[in-house]
Structure formats: C-alpha cells, structure tokens
Amino acid sequence: MSFVKLSASAIAIAAVSATAAAARDQVQVAGSSTVLPYASIVAEAFGENFDFPTPVVESGGSSAGLKRFCEGVGENTIDIANASRAIKSSEVEACAANGVTDIMEVRIGYDGIVFASQLNGPEFTAFEPADIYNALAEQVVVDGELVANPHNQWADFNPELPAEGIVAFIPGTKHGTREVFEEKVLLAGCEASGALEAMVASGMSEEDAEGECMSVRTDGKSVDIDGDYTETLARIDSNANGVGVFGLAFYENNTDKLKVATMSGIEPTTETIASGDYPVSRPLYFYVKKAHIGVIPGLKEYAEFFVSDDMAGANGPLSEYGLVADPELAATQEAVASEQTMN
99 MSFVKLSASA
109 IAIAAVSATA
119 AAARDQVQVA
129 GSSTVLPYAS
139 IVAEAFGENF
149 DFPTPVVESG
159 GSSAGLKRFC
169 EGVGENTIDI
179 ANASRAIKSS
189 EVEACAANGV
199 TDIMEVRIGY
209 DGIVFASQLN
219 GPEFTAFEPA
229 DIYNALAEQV
239 VVDGELVANP
249 HNQWADFNPE
259 LPAEGIVAFI
269 PGTKHGTREV
279 FEEKVLLAGC
289 EASGALEAMV
299 ASGMSEEDAE
309 GECMSVRTDG
319 KSVDIDGDYT
329 ETLARIDSNA
339 NGVGVFGLAF
349 YENNTDKLKV
359 ATMSGIEPTT
369 ETIASGDYPV
379 SRPLYFYVKK
389 AHIGVIPGLK
399 EYAEFFVSDD
409 MAGANGPLSE
419 YGLVADPELA
429 ATQEAVASEQ
439 TMN
C-alpha cells in the first residue's frame, strides 16, 4: 500500500469520524494466550515476507483482549483481538457503545484443551469429566448426598487414580479456555457424576444447577491461573502432584516436560480433534476492526495471510504447532477478502 493511498484513506475516514483510526504504522493485536503462539508465528512470517512492519502481538486472555478491542476506534486502540471462544453478545454491545460497529469474525481453526502433569510425576494419564468434577467442584455427591467437596486425594473418588493430593492449575476467569473447561469438563462431569440431578432434585432450577456445577472449590486445591500457559507450566515444574490445563499446541511444544492424559479414553491429537472424537475441543478466532482496514498499513493483508493455505492450511506451519485446520477454511478466506462483518 502506498503512502498516497494510505493518506487518502486516512483523510477520508477522519472526515467521517473524529474517533477513527489514524495512520499507525504497525498492526496491534492482543488477547487469547491460546491463539498467541499461532499469531506470533504468522506475525513473524508476515514481517519477513511483506513490505509492512511485523505486527505487535500481546497476550492477556480472550476477555481482556476483547475488552481492549471494544474500547473504540482510533490509533490508541488495538486492531485485532485473538479469542479462544466466540465473542459474547454483551461484548458486541460494549463495542457498539464505543463506536466499534463493524466487526469481522475470523475462525482460524480448532484446538483442544488438555490435562497434563509433570513428565516424571504421578500417573495422571487417564481422566473422565466426572474425575475432574469430583476433584475440583464446590459440591459433589457422596453416598447419594450432595455435600461440600470432602476429597483430598484423587483416589478418594476413583481408586484407579493416584493416591496423591489434589492440586490443579486451571485457567482464570478472564481466559476463553476457562469457559471451555467449565462447559465441556465441569458441566459434563457434574451430569455424569449425578450431581446435576441431585441439585435439581433439591429444588434448584436447571439453569441455577448448571451454574452451580461450574463453581470450583476455594480451599486451595483448585488454583486459578490468570497468566498464560507458561505460568501454569512453572507451577507444575515446582509441584510434582500438579495437574494443569493447557492448549494442545502448548503441550506439544513442551513434551520434554509434560505428559498428557486421555479424556474419556481419547488421546488429544490433531487427528482426534479434527474428527471430533476428543471431547474437549473448541474453535479459535480473531476479530478485526473493519474501520481500521485501509488506514492501518498491512491490517487486511495480515488477516488474509493468517488464514491462507500457506499458514492455516492442513500442511501449513500452524498445524505443526497443534492447530487443526478448519474444513471450511476456503469460506473464511473469502469472508476476509470481502471484509464480511458480523450480522
């Protein structure tokens, strides 16, 4: 993009809105720690192969990234928010209230969340959702009664698990991974263990019961990690009994330190996630502020490059780091090329 075209575009948009983006020379990205390694790989390759500066990519979590994204339109706001979940309607409303009305939703592929522990630690190698629920939930069923969680060791509720103290490092509430963990592990485990049925039988509405299913104990055995996966890894490095929640890609880059557990008998791999067999998987996204396209140099080009076959395709470099290629990638490519926004 030439300076003349960029300047003309900036002038045109500035004439429409005083809060519109000014011509910053670098794409700015923030959000999901799960998407971070993929975005960083793309940003580095983009800087090497295009006549634009390498985009600045920061982490912070899906919710934090989307909050920054929705602060408004202008050079002091980010261009792209990475997210390991879909944007919420409340976030779309927050965006709109601040003048961010044209949002492009871009699905880059799929990822799984995994449960991993110290490579040479106890044999945490096979879990069911009910195991995670019984270990970490605030209330569990014991002898047919719903009680405050009394479990201290994994073997207390499943003799096939190690007789080791329970300590799990899970994503904090600002991370998109937390929602996947809650809905696909805790809620599933709550139902499988009979706790959901017991809650409803006690007089709770089904909606309230589902909310209660996702409440975790606060006695130190379930530890929220507000940082990225490197913090979780550090906690496990210093705790032989620790079990942590990671994205598949992060685990695959740290197999010299971690071993992974199956979930419901299925090993998390690119193949089992692509087939839908692995039960704890989710789509990954980034969101583009359309008002910044044509103003921030390289923004659209970066978005198109990210979802190109060369990067996000089945044989692209992102697949080597755990991203499962989207079967509908061609449709995503067309949507980005045409600058399609959310309805």
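Residue numbers for the sequence shown, in this note's numbering: 99 to 441.
All C-beta atoms in this analysis are idealised placements derived from N, C-alpha and C, irrespective of residue type, glycine included.
Inter-residue CB distance, residue i and residue j (contact presumed, cutoff 8 Å)
{"i": "Q126", "j": "V154", "result": "5 Å"}
{"i": "Y349", "j": "V358", "result": "6 Å"}
{"i": "G411", "j": "T368", "result": "About 13 Å; that fails the 8 Å criterion."}
{"i": "Y376", "j": "R205", "result": "The pair is not a contact, with the Cβ atoms about 18 Å apart (cut-off 8 Å)."}
{"i": "D324", "j": "G263", "result": "The pair is not a contact, with the Cβ atoms about 23 Å apart (cut-off 8 Å)."}
{"i": "D209", "j": "G414", "result": "About 15 Å separates the two Cβ atoms, so there is no contact after all."}
{"i": "V378", "j": "V278", "result": "7 Å"}
8 Å Cβ shell around residue i - same chain, five flanking residues per side excluded
{"i": "V245", "result": "Q237, V238 and V239"}
{"i": "E258", "result": "A224"}
{"i": "S252", "result": "Reading off the sequence, residue 252 comes out as Trp, not Ser. Result list for W252: F222, D229, A233, L259, P260, A261, E262 and I264, in chain order."}
{"i": "P220", "result": "P260, E262, A338 and N339"}
Other residues of its chain near residue i: CB distance less than 6 Å, five sequence neighbours each side excluded
{"i": "G396", "result": "V125 and F150"}
{"i": "A286", "result": "P227"}
{"i": "V386", "result": "I178, M202 and A401"}
{"i": "M440", "result": "I201 and E203"}
{"i": "S130", "result": "S160, N180, A181, S182 and G274"}
{"i": "A307", "result": "L294, M297 and V298"}
{"i": "N256", "result": "D229"}
{"i": "T360", "result": "A224"}
{"i": "F144", "result": "Y400 and F403"}
Cβ shell of residue i (< 7 Å), same chain only, five flanking positions each side left out
{"i": "N218", "result": "none"}
{"i": "R315", "result": "L234, A235, E236 and N247"}
{"i": "N337", "result": "V265"}
{"i": "D408", "result": "G414"}
{"i": "T152", "result": "A141, E142, F144 and G145"}
{"i": "T430", "result": "V204, R205, V405 and D424"}
Cross-strand partners of residue i (DSSP beta bridge)
{"i": "L356", "result": "Q216"}
{"i": "I268", "result": "D322"}
{"i": "I178", "result": "V127 and V386"}
{"i": "I391", "result": "The partner list for I391 (beta bridge, DSSP) is empty, contrary to what the question assumes."}
{"i": "S362", "result": "Partner(s): none; S362 has no beta bridge."}
{"i": "P381", "result": "Y208"}
{"i": "I201", "result": "K387"}
{"i": "A224", "result": "T360"}
{"i": "F404", "result": "None, per the DSSP bridge assignment."}
Alpha helix (DSSP H) segment containing residue i, residue limits
{"i": "L234", "result": "P227 to L234"}
{"i": "Q431", "result": "L427 to A435"}
{"i": "V283", "result": "Where V283 is concerned, there is no enclosing alpha helix (DSSP H), given that its DSSP letter is neither H nor E."}
{"i": "V140", "result": "L134 to N147"}
{"i": "V190", "result": "S187 to A195"}
Endpoints, the beta strand (DSSP E) within which residue i is located
{"i": "I157", "result": "Residue identity differs from the one stated: residue 157 is Ser in this sequence, not Ile. Here the beta strand (DSSP E) through S157 covers V154 to G158."}
{"i": "I246", "result": "Looking at the sequence shown, residue 246 is not Ile but Ala. It spans E243 to A246 - the beta strand (DSSP E) in which A246 sits, taken as one unbroken run."}
{"i": "G274", "result": "Note, G274: premise wrong, no beta strand (DSSP E); alpha helix (DSSP H) at G274 to F279."}
Residue i CB to nearest heavy atom of the ligand NAP below 6 Å
{"i": "Q126", "result": "Summarising the ligand content, the structure contains no ligands, and the ligand NAP is consequently not present."}
Problem - the segment 391–403 touching the segment 132–145, judged by at least three CB pairs closer than 8 Å - result: yes
Practice task
Check whether the segment 286–296 touches the segment 173–193, counting contact only when three or more Cβ pairs, one atom from each stretch, lie closer than 8 Å.
Solution key: no
Problem - the segment 243–258 in contact with the segment 321–333 per 3-pair CB rule at 8 Å - result: no
Exercise for the section: Inspect the CB distances between the segment 364–384 and the segment 417–431 and report whether three or more fall short of 8 Å. Expected result: yes
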